[in-house]
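Okay, structure first, notes after.
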Amino acid sequence: MMIKLKPREKRFVLIGGILLFVILSVRLYYLPFFDRMRRAQELLPQKRLELKRVIALGEDWQRLRLANRQLLESLKSKQSRIISYSLLEELATKIGIRSNLKSIRPRSQKEVEFFKEETLEISLVNVTLEQITRYLYEIEATDPTLQTSRIHLQPTRRNSELLKADFTISIFNEGED
């Protein structure tokens, strides 16, 4: 059953339909779009800060990568030069404490990420704090792959200015691939 509408009523229904279409379009399409745009504008400063942080982290990563590459090259060049007891004895002679060198003993070897860590325990007797300091400085200054990891100082019974020193030296070499 069809209802016959007069031309005036047809125009009124057509204008009402168009108005309804416009209102629904605005409500369902344009308003959510503008809301998303507003939220995006509010997030923009936060996202810029995050981008700056990412750029800074990238620069740090590049710097660390370069430092790692330099360390690996240093380790490769040091590989031909074996760090041994004689180097430590030579440094003790240079400082003037060779006669106070009680022992040099290997302790352990372990893999640490990309490196192999070897440890030596060194014992000195009847040495001054200045001699120990100079000896440890010379050890670490001679080769960057050497690092002091533990120090134990104890005064002697006869003279409190003289010390008994036990310390551990870690030697880092490139690990197995």
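Going by numbering that gives the first Met the number 0, the sequence shown wraps up at 176, each residue one higher than the last.
Heads up, the beta-carbon is just placed ideally off N, CA and C, and yes, glycines get one too.
Using only alpha-carbon positions, find the residue among Thr155, Glu110, Asn172 and Arg64 that is nearest to Ala164.
Among Thr155, Glu110, Asn172 and Arg64, the Cα nearest to that of Ala164 is on Thr155.
When you compare the CB positions of Lys109 and Glu120, do they come within less than 8 Å of one another, or not?
No, the pair does not count as a contact, with Cβ atoms beyond the cut-off.
Indicate the three-state DSSP secondary structure (helix, strand or coil) for Trp168 in the structure shown.
The residue asked about is misnamed: residue 168 is Ile in this sequence, not Trp. It is a strand residue.
Measuring CB to CB, does Thr132 end up less than 8 Å from Ser169?
When the beta-carbon positions are compared, Thr132 and Ser169 stay at least 8 Å from each other.
Let me know if Tyr134 comes out buried or exposed under the rule of 16 or more other beta-carbons within 10 Å of its beta-carbon.
Buried is the label assigned to Tyr134, since at least 16 other Cβ atoms lie within 10 Å of its Cβ.
For Ile150, three-class secondary structure by DSSP:
In the three-state reduction of the DSSP assignment, Ile150 falls in the strand class, which pools E and B.
For Leu119, report the span of its alpha helix (DSSP H) as first-last.
Boundaries for Leu119: no alpha helix (DSSP H) harbours it, while the beta strand (DSSP E) harbouring it runs Phe114 to Val126, taken from the DSSP string.
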